[in-house]
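Reading through the structure tokens given below for one structure.
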Amino acid sequence: MSKVASESISDATETPPLGDMSAEDFRRYGHELIDWISDYLAHPEQHAVLSSVKPDEFEAQIPSAPPATGESMEAIIADVDKLVTPALTHWNHPAFFAYFSISASAPGIFGELLASAFNVNQMLWRTAPAATELEAVTLSWLRQMMNLPEEFDGIIYDTASISTMHALAAAREKLNLRIREDGMTGRETPLPLLRVYASEQTHSSIEKAVVALGLGQRALRKTPVDENYRMNAAALAEAIAEDERAGALPFCVVATVGTTSTTSIDPVREIAEICKRHNLWLHVDAAYGGSAAVVPEMRFILDGCDAADSLVTNPHKWLFVPIDCSVLYCRQMEVLRQAFSLVPEYLRTAEGEEVRNGMDYGIQLGRRFRSLKLWMVMRYFGHEGLARRIREHCRLARLFASWIEESEDWQLLAPVPFSLVCFRFRPAQRQDETDHDYRTHLDQSNEAIMHRVNRTGEAYLSHTVLREGFAMRLAIGNIRTTETHVRRAWELLIEQAAHQSKGNL
Ligand SMILES: *Cc1c(COP(=O)(O)O)cnc(C)c1O
0 MSKVASESIS DATETPPLGD MSAEDFRRYG HELIDWISDY LAHPEQHAVL
50 SSVKPDEFEA QIPSAPPATG ESMEAIIADV DKLVTPALTH WNHPAFFAYF
100 SISASAPGIF GELLASAFNV NQMLWRTAPA ATELEAVTLS WLRQMMNLPE
150 EFDGIIYDTA SISTMHALAA AREKLNLRIR EDGMTGRETP LPLLRVYASE
200 QTHSSIEKAV VALGLGQRAL RKTPVDENYR MNAAALAEAI AEDERAGALP
250 FCVVATVGTT STTSIDPVRE IAEICKRHNL WLHVDAAYGG SAAVVPEMRF
300 ILDGCDAADS LVTNPHKWLF VPIDCSVLYC RQMEVLRQAF SLVPEYLRTA
350 EGEEVRNGMD YGIQLGRRFR SLKLWMVMRY FGHEGLARRI REHCRLARLF
400 ASWIEESEDW QLLAPVPFSL VCFRFRPAQR QDETDHDYRT HLDQSNEAIM
450 HRVNRTGEAY LSHTVLREGF AMRLAIGNIR TTETHVRRAW ELLIEQAAHQ
500 SKGNL
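Counting along the sequence shown from 1, when you hit position 378 you're at 377 in numbering that gives the first Met the number 0, and nothing is skipped either side.
In structure tokens:
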């Protein structure tokens with residue numbers, strides 16, 4: 000025997016084997032991790048909702064170079080526990096009231112776990128048959144739950160920002176301006192200014208979409224809103240007419256059901272009529288608000304949306320599905336396909352046109368198996384279970400809003416159509432807001448109160464700026480949030496406001 004062979008044998012005794020973790024270890028650590036997750040979810044009070052970590056503090060605790068040899072799972076899990084967890088802001092905490100609160104429900108977590116175990120790439124039907132078809136099934140189920148028209152077909156992307164960008168790309172494709180082939184610059188006959196309309200309260204993702212599509216920020220015309228932050232439809236009609244007179248080419252309107260600042264609902268039915276008159280694509284951004292339509296008595300929030308060309312809703316926002324999962328419904332999937340399908344030889348399959356290949360309907364080739372977690376959440380809770388939970392969140396928000404309204408020292412700053420409350424502290428003894436200094440003072444005091452509450456680690460709120468000035472936002476949407484959590488947030492606000500106003504207001 001040669002020297003080489005004996006050396007490789009002795010090496011094998013010292014070097015860890017190739018391949019993955021053993022099945023035995025996977026089982027052991029898997030059980031351990033599930034135990035860890037169960038404790039994490041059952042005892043949220045152990046963690047400050049908003050992390051108090053300072054920038055770079057976390058990074059300083061982690062070796063700057065990668066380990067040369069493998070480490071034990073014990074050591075890795077211990078670091079997740081000791082280092083990572085305290086340096087996170089806990090979105091899955093029931094007292095997370097900032098932005099739009101979200102949830103990874105237990106069946107959703109299992110869905111994620113299985114999806115990564117399968118690790119299928121859903122680029123083609125044949126590379127993931129069940130995943131491709133389960134996506135169609137779950138989107139049909141969700142469509143039925145939301146009472147959307149049957150003609151709405153759909154696709155799952157990661158986020159609403161991406162869904163909206165694809166919707167706008169489809170709207171532009173429908174113009175038949177050969178933009179797909181010729182682009183927008185250096186053309187023989189220059190293109191007119193292509194216009195998209197949305198309200199002043201629209202989400203920044205609409206603006207990012209026009210940037211990404213090369214339409215430019217100038218393409219987005221923001222129209223005024225009414226006293227309740229809803230798009231003013233008459234102003235929209237005027238803006239379109241004015242642009243047409245000036246030689247621009249209006250092609251798309253984005254209406255919002257549940258705006259980010261206040262959850263206002265644009266008058267979609269009126270907007271749809273304007274779109275029909277001018278032959279414009281109507282895209283509805285219902286990223287947060289759409290989920291509420293699974294509650295039968297709240298279906299009115301999508302009034303008029305049956306006339307939309309596309310609609311985005313995020314099950315990862317208020318349908319208890321772990322981030323990320325965004326659904327784009329589209330009346331004409333073939334337009335989306337025209338905009339994006341590009342099939343190189345190595346991706347051609349025998350099934351051809353008979354099947355849906357996910358890669359044809361967007362920028363990305365590779366796609367995660369996101370429908371699995373959505374399917375598991377829908378099956379585990381059922382339509383009724385989902386509706387009851389969302390209904391309860393709305394009840395809690397109205398309850399909180401009623402405390403604000405009953406208190407002389409607090410002020411509600413916007414209607415509460417869903418589960419978000421916008422409010423501020425405004426002590427009764429002094430309400431002369433014509434005084435500019437007083438307004439500034441109110442803004443500063445409210446900001447200070449919010450930071451004080453957030454620093455307690457017991458609740459986390461965020462803010463916006465409304466007509467009156469600085470507004471705190473309390474958003475209810477986590478599946479584990481109960482009335483106790485909302486009451487505690489109210490107590491904290493009162494305590495911190497008392498603290499703040501001592502000799503101050
Ligand atoms: C959250 C939200 C978005 C952005 O969602 P992402 O999935 O994070 O891109 C867009 N529009 C509205 C109305 C939202 O509430």
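For each residue, glycine too, the CB sits at the ideal point set by N, CA and C.
Keep in mind it's a predicted model, so treat the numbers as computed, not measured.
Exposure label - residue i; buried when at least 16 CB within 10 Å
{"i": "I362", "result": "exposed"}
{"i": "R423", "result": "buried"}
{"i": "D284", "result": "buried"}
{"i": "M20", "result": "exposed"}
{"i": "R472", "result": "buried"}
{"i": "E111", "result": "buried"}
{"i": "T68", "result": "exposed"}
{"i": "L327", "result": "buried"}
{"i": "H42", "result": "exposed"}
{"i": "Y345", "result": "exposed"}
{"i": "H435", "result": "exposed"}
{"i": "T131", "result": "buried"}
{"i": "P62", "result": "exposed"}
{"i": "P249", "result": "buried"}
{"i": "A170", "result": "buried"}
{"i": "I33", "result": "exposed"}
{"i": "E195", "result": "Sequence inspection shows Val at residue 195; the Glu mentioned does not correspond to that position. Per the 10 Å Cβ criterion, buried."}
{"i": "G357", "result": "buried"}
DSSP three-state assignment for residue i, whether helix, strand or coil
{"i": "Y196", "result": "strand"}
{"i": "S309", "result": "strand"}
{"i": "H165", "result": "helix"}
{"i": "T84", "result": "helix"}
{"i": "T69", "result": "Sequence check: residue 69 is Gly here, not Thr. Note: G69 maps to coil in three-state DSSP."}
{"i": "H92", "result": "coil"}
{"i": "V376", "result": "helix"}
{"i": "C324", "result": "coil"}
{"i": "L341", "result": "coil"}
{"i": "L504", "result": "With a pLDDT of only 48 at L504, under the threshold of 50, the placement of this residue in the model should not be trusted, and no figure is reported."}
{"i": "L364", "result": "coil"}
{"i": "L49", "result": "coil"}
{"i": "L176", "result": "coil"}
{"i": "G303", "result": "coil"}
{"i": "V354", "result": "coil"}
{"i": "T272", "result": "First, the residue type needs correcting, since residue 272 is Glu and not Thr in the sequence shown. DSSP places E272 in helix when its eight states are reduced to three."}
{"i": "A292", "result": "helix"}
{"i": "R30", "result": "One detail in the question is off: residue 30 reads as His in this sequence, not Arg. Reduced to three states, the DSSP call for H30 is helix."}
{"i": "R298", "result": "helix"}
{"i": "G381", "result": "helix"}
{"i": "L346", "result": "helix"}
{"i": "H42", "result": "coil"}
{"i": "F319", "result": "coil"}
{"i": "A64", "result": "coil"}
{"i": "R369", "result": "coil"}
{"i": "D19", "result": "coil"}
{"i": "L335", "result": "helix"}
{"i": "E13", "result": "helix"}
{"i": "D55", "result": "coil"}
Beta bridge counterpart(s) of residue i as assigned by DSSP
{"i": "W409", "result": "F424"}
{"i": "D284", "result": "T255, V311"}
{"i": "C329", "result": "D152, S309"}
{"i": "V395", "result": "First, the residue type needs correcting, since residue 395 is Leu and not Val in the sequence shown. Paired residue(s): none; L395 is not in a bridge."}
{"i": "L419", "result": "A474"}
Chain C contact for residue i (CB, 8 Å cutoff)
{"i": "V224", "result": "The chain labelled as chain C is not found in the depicted structure, where only one protein chain is given."}
What runs of the alpha helix (DSSP H), each 4 residues or longer, lie entirely inside the region 179 to 267?
-> 203 to 211, 232 to 244
Taking only runs of the alpha helix (DSSP H) that begin and end inside the region 424 to 498, which ones reach a length of at least 4 residues, in chain order?
-> 435 to 454
Start-end ranges of the beta strand (DSSP E) lying completely within the region 86 to 164, minimum 3 residues | 152 to 156
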